[in-house]
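Only one structure is covered here, and it is reproduced in the block below.
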Amino acid sequence: MTENFDRAPGAGRARIKPTSPGLADVGDGDANSVFNQREPLRQPRTSPPLTENNTNTSEAIGGESRRPSKPHQVIHNNSTPASKVKRVDSLVNTSILSANAPEFYPSSSPPYEESVSEDGSDGYYTETTLAELVEEFLSHLNSSPGSFENDIEHIANMLNSWVTTEETLQELVELLYTQSTVIPNFSYTGARLCNFLSHNLALSPASGNFRQLLLKRCQTEYEQRGVAVRGDAETQKKFHAYVLFLGELYLRLELKRAKGPPSRAEILLTALRELMNALFSNPVDGNLICAVKLLKLTGSVLEDTWKESGKSDMDQIVQRIENIVLDAQCSRDVKQMLLRLVELRSSNWGRVHAAAAADATPDNDPNYFMNEPTFYTADGTPFTAADPEYSEKYQEILDREDDYFPEAYEENGNESSFNDEDEMDPEIEEAFEKFCLESERKRRP
1275 MTENFDRAPG
1285 AGRARIKPTS
1295 PGLADVGDGD
1305 ANSVFNQREP
1315 LRQPRTSPPL
1325 TENNTNTSEA
1335 IGGESRRPSK
1345 PHQVIHNNST
1355 PASKVKRVDS
1365 LVNTSILSAN
1375 APEFYPSSSP
1385 PYEESVSEDG
1395 SDGYYTETTL
1405 AELVEEFLSH
1415 LNSSPGSFEN
1425 DIEHIANMLN
1435 SWVTTEETLQ
1445 ELVELLYTQS
1455 TVIPNFSYTG
1465 ARLCNFLSHN
1475 LALSPASGNF
1485 RQLLLKRCQT
1495 EYEQRGVAVR
1505 GDAETQKKFH
1515 AYVLFLGELY
1525 LRLELKRAKG
1535 PPSRAEILLT
1545 ALRELMNALF
1555 SNPVDGNLIC
1565 AVKLLKLTGS
1575 VLEDTWKESG
1585 KSDMDQIVQR
1595 IENIVLDAQC
1605 SRDVKQMLLR
1615 LVELRSSNWG
1625 RVHAAAAADA
1635 TPDNDPNYFM
1645 NEPTFYTADG
1655 TPFTAADPEY
1665 SEKYQEILDR
1675 EDDYFPEAYE
1685 ENGNESSFND
1695 EDEMDPEIEE
1705 AFEKFCLESE
1715 RKRRP
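Basically my numbering = 1-based index in the sequence shown + 1274.
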């Protein structure tokens, strides 16, 4: 069997004879040439009519002539009849159409009018307004307060290019005041921004510069204090935001002097004193909470300033707080806040010298237990034990952390001071009893 076995590729296969007219007649010895020659490709049925050049090409391939089946399939570029040319010329000469004719509108539709905005623009590419610009960079500062130092120079330069008239300066003051009192927790950054612009805005018209116009705007709200503290809940909320912004403005706004360090605005010091009197004149929970926050924010600075002038305004404020704790019909939580504020003031507003801070203990530091943690709600609003509306949530968080870190809380002395029960905390109750006895002793003739 192996004698007749041919190992050459293709051995034993039958030779293919060309039966198609498209294949050349070749011998058995040139089989590869048979497979290299193929029938010419047929033109697709959907192809355009063939020209004379295409006809010549088809004749050269395969030796067959593929001519169009109908005479009109052959295209001649210069085959336009003279009658058609004359007909077109006559239409052009006799036409009454004009390229300069007005546009045609159907009688059933009104003519087209381009939309024009109120400011005179075409409505397609409106320019950015000052309000949109201020809202944009205030939103940026609110979301990224840490970028204030890096971005404030650019913001001031941009506003200098926008604020070129007295009207735009008034608009800027109104925008900054509104946003600083409306955006939650923005009063600090807003006050810093106002201080920087008061020194870096170039425009200073006859009506007043940026700082003067801002103080005038604050005075407008200040004059409504008697009505605001007795208004509805929304009016009081806006007034409280204004009070806290004014407190931040007093701490941040600097007045440069020819000699010496910059000073604070004395007019704001007087305004804060009168605002606290207005809050205490209607001792409801909202007004008292606002007063506590204001004193925690500015109490140490206010007392130092009054002491330098030989005034005892802070003693008068504390005495009024003590009277409110005894006589006012406020909630128990608010009374605890007021008592804690009195304790904070008795400890020099929590200021401890560096030498004593290292050795602070609950026995020698009255402010040891005042360092309460701050938590935040889902929308980013901070709250502490001083906020009675979050007292239950605050206690819940403290209890949860006590379960996770009981030893750490015992060592640091940060145990919860608010209980869900109706009874006061023992320390608060003892302080309250001492306070009441002391107050009664002072009242006796």
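Ideal Cβ positions, reconstructed from N, Cα and C, are used throughout, including at glycine.
Helix, strand or coil, according to DSSP, for leucine 1446 in the structure here?
Indexing the sequence shown from 1 puts residue 1446 at position 172. Residue state, collapsed to three classes: helix.
Look at the Cβ atom of threonine 1455, then the Cβ atom of lysine 1512, and state whether they are nearer than 9 Å.
On the sequence shown, residue 1455 is found 181 positions in, with the first residue counted as 1. On the sequence shown, residue 1512 is found 238 positions in, with the first residue counted as 1. Going by C-beta atoms, threonine 1455 is nearer than 9 Å to lysine 1512.
Once you ignore the five residues that flank lysine 1708 on each side, which residues in its own chain have a CB closer than 8 Å to its CB?
On the sequence shown, position 434 is the one that residue 1708 refers to. Counting only Cβ-Cβ distances below 8 Å, and skipping sequence neighbours, we find nothing.
What residue range is occupied by the uninterrupted alpha helix (DSSP H) comprising alanine 1503?
Reading the sequence shown from its first residue, position 229 is the one you call residue 1503. Looking at the sequence provided, one finds valine at residue 1503 rather than alanine. From DSSP, valine 1503 is part of no alpha helix (DSSP H); its letter is neither H nor E.
Does the beta-carbon distance from glutamate 1495 to tyrosine 1462 come in below 9 Å?
Taking the sequence shown and counting its residues from 1, one reaches residue 1495 at position 221. Taking the sequence shown and counting its residues from 1, one reaches residue 1462 at position 188. The answer is no: Cβ separation not under 9 Å.
Would you say leucine 1613 reaches chain B, if we count a Cβ-Cβ gap shorter than 9 Å as a contact?
Although the question refers to chain B, the structure presented lacks it and comprises just one protein chain.
Within this structure, are the beta carbons of leucine 1471 and phenylalanine 1484 separated by less than 9 Å?
In the sequence shown, the residue the question calls residue 1471 occupies position 197. In the sequence shown, the residue the question calls residue 1484 occupies position 210. It is a contact, given that the beta carbons lie within the stated cut-off.
By a C-beta neighbour count over all protein chains shown, 10 Å radius and 16 as the cutoff for buried, is phenylalanine 1788 buried or exposed?
Given that the chain is displayed from residue 1275 to residue 1719, the structure contains no residue 1788 and the question cannot be resolved.
Valine 1408: first and last residue of the uninterrupted alpha helix (DSSP H) it sits in:
As a first step, residue 1408 is located in the sequence shown; it is residue number 134 there, counting from the start. First-last of the alpha helix (DSSP H) with valine 1408: 1404–1417.
Three-state secondary structure (DSSP) of serine 1246:
Because the chain in this structure spans residues 1275 to 1719, residue 1246 falls outside the shown range and cannot be described.
If we call anything under 9 Å between Cβ atoms a contact, is arginine 1531 one with leucine 1576?
The residue you call residue 1531 lines up with position 257 of the sequence shown. The residue you call residue 1576 lines up with position 302 of the sequence shown. Contact: no.
How many angstroms separate the CA atom of leucine 1543 from the CA atom of serine 1417?
Taking the first residue of the sequence shown as position 1, residue 1543 is located at position 269. Taking the first residue of the sequence shown as position 1, residue 1417 is located at position 143. For leucine 1543 and serine 1417, the distance between alpha carbons rounds to 30 Å.
How would you call lysine 1667, buried or exposed, if buried means at least 16 neighbouring beta carbons within 10 angstroms?
What you label residue 1667 is simply residue 393 of the sequence shown in a count that begins at 1. Exposed, since its Cβ has fewer than 16 Cβ neighbours within 10 Å.
Kindly indicate which three-state DSSP category leucine 1529 falls into: helix, strand or coil?
For the purposes of this step, residue 1529 is taken as residue 255 along the sequence shown, with counting starting at 1. If DSSP states are grouped into helix, strand and coil, leucine 1529 belongs with the strands.
Of the listed residues Tyr1451, Ser1605, Arg1499, nearest to isoleucine 1803 (C-alpha basis):
Because residue 1803 is not part of the residues shown, which for the chain are 1275 to 1719, the question remains open.
DSSP puts serine 1537 in a beta bridge; with which residues?
As a first step, residue 1537 is located in the sequence shown; it is residue number 263 there, counting from the start. Beta-bridge pairing links serine 1537 to Leu1529.
Cutoff 7 Å; reference asparagine 1469; Cβ partners in own chain excluding five residues on either side
Position 195 of the sequence shown, counted from the start, is the residue given in the question as residue 1469. Excluding sequence neighbours, asparagine 1469 sits near Arg1526, Leu1527, Glu1528.
The alpha helix (DSSP H) spanning serine 1609 covers which residue range?
In the sequence shown, counting from the first residue as 1, residue 1609 sits at position 335. For the sequence presented, residue 1609 should be read as lysine rather than serine. Counting along the chain, the alpha helix (DSSP H) containing lysine 1609 begins and ends at 1606–1620.
Where serine 1586 and tryptophan 1580 are concerned, what is the direct C-alpha to C-alpha distance, given to the nearest angstrom?
Position 312 of the sequence shown holds residue 1586. Position 306 of the sequence shown holds residue 1580. Between serine 1586 and tryptophan 1580, the C-alpha separation is close to 7 Å.
What is the rounded straight-line gap between the Cα of valine 1362 and the Cα of proline 1380?
Counted from its first residue, the sequence shown places residue 1362 at position 88. Counted from its first residue, the sequence shown places residue 1380 at position 106. Going by the C-alpha atoms only, they are around 29 Å apart.
Hey, could you find the ends of the alpha helix (DSSP H) valine 1362 is sitting in?
Mapped onto the sequence shown, residue 1362 falls at position 88. Unbroken alpha helix (DSSP H) run through valine 1362: 1356–1368.
Going along the chain, which unbroken runs of the alpha helix (DSSP H) with 4 or more residues stay wholly within the segment 1421–1501?
1422–1436, 1440–1456, 1461–1474, 1484–1496
Selected residue, minimal CA-CA separation from glutamine 1590, among Asp1559, Ser1621, Phe1554, Gln1493
Here residue 1590 refers to the residue found at position 316 of the sequence shown. Among Asp1559, Ser1621, Phe1554, Gln1493, the Cα nearest to that of glutamine 1590 belongs to Phe1554.
Apart from the five residues just before and just after isoleucine 1509, which ones in its own chain have a Cβ nearer than 7 Å to its Cβ?
Position 235 of the sequence shown holds residue 1509. Reading off the sequence, residue 1509 comes out as threonine, not isoleucine. Taken in chain order, the residues that qualify are Ala1502.
If you draw a straight line from the C-alpha of leucine 1721 to the C-alpha of threonine 1442, how long is it?
Beyond the ends of the chain as shown, which are 1275 and 1719, falls residue 1721; an answer cannot be given.
Applying the criterion that 16 or more other CB atoms from any shown protein chain within 10 Å of the CB defines a buried residue, is alanine 1356 buried or exposed?
By one-based count along the sequence shown, residue 1356 stands at place 82. Exposed, by the Cβ-count rule.
Once you ignore the five residues that flank asparagine 1367 on each side, which residues in its own chain have a CB closer than 8 Å to its CB?
For this step, residue 1367 is matched to residue 93 along the sequence shown. Nothing meets the Cβ criterion.
7 Å Cβ shell around glutamine 1444 - same chain, five flanking residues per side excluded:
Here the question's residue 1444 lines up with position 170 in the sequence shown. Excluding sequence neighbours, glutamine 1444 sits near Leu1487.
Less than 9 Å separating the beta-carbons of leucine 1467 and leucine 1518?
Residue mapping note: residue 1467 aligns to position 193 of the sequence shown, counting from 1. Residue mapping note: residue 1518 aligns to position 244 of the sequence shown, counting from 1. Contact: no.
Whose C-beta lies closer than 8 Å to the C-beta of glutamine 1593 among residues of the same chain, with five residues either side of it excluded?
The sequence position of residue 1593 within the sequence shown is 319, counting from 1. So no residue of the chain qualifies.
Top-ranked residue by Cα proximity to glutamate 1540, from Gly1521, Asn1551, Pro1458, Asp1601
Here residue 1540 is taken as the residue at index 266 of the sequence shown, counted from 1. Glutamate 1540 has its Cα closest to that of Gly1521, out of Gly1521, Asn1551, Pro1458, Asp1601.
What residue does the alpha helix (DSSP H) around asparagine 1597 start on, and which one ends it?
The residue you call residue 1597 lines up with position 323 of the sequence shown. That run of the alpha helix (DSSP H) goes 1587–1601.
Backbone CA spacing between isoleucine 1370 and valine 1437 [nearest angstrom]:
Position 96 of the sequence shown, counted from the start, is the residue given in the question as residue 1370. Position 163 of the sequence shown, counted from the start, is the residue given in the question as residue 1437. Roughly 58 Å between the two C-alpha positions.
May I have the straight-line CA-CA distance separating proline 1479 from proline 1376, to the nearest angstrom?
Taking the first residue of the sequence shown as 1, we reach residue 1479 at position 205. Taking the first residue of the sequence shown as 1, we reach residue 1376 at position 102. Distance between the alpha carbons of proline 1479 and proline 1376 is about 52 Å.
Give me, in chain order, the residues of the same chain whose beta-carbon lies closer than 7 Å to that of valine 1608; leave out the 5 immediate sequence neighbours on both sides.
Start at 1 with the first residue of the sequence shown, and residue 1608 comes out as number 334. These residues qualify, in order along the chain: Asp1559, Leu1562, Ile1563, Pro1662.
Measuring CA to CA, which of Thr1452, Ser1382, Arg1614 is closest to alanine 1465?
Here residue 1465 corresponds to residue number 191 of the sequence shown, with the count starting at 1. If we check each option's Cα against that of alanine 1465, Thr1452 comes out closest.
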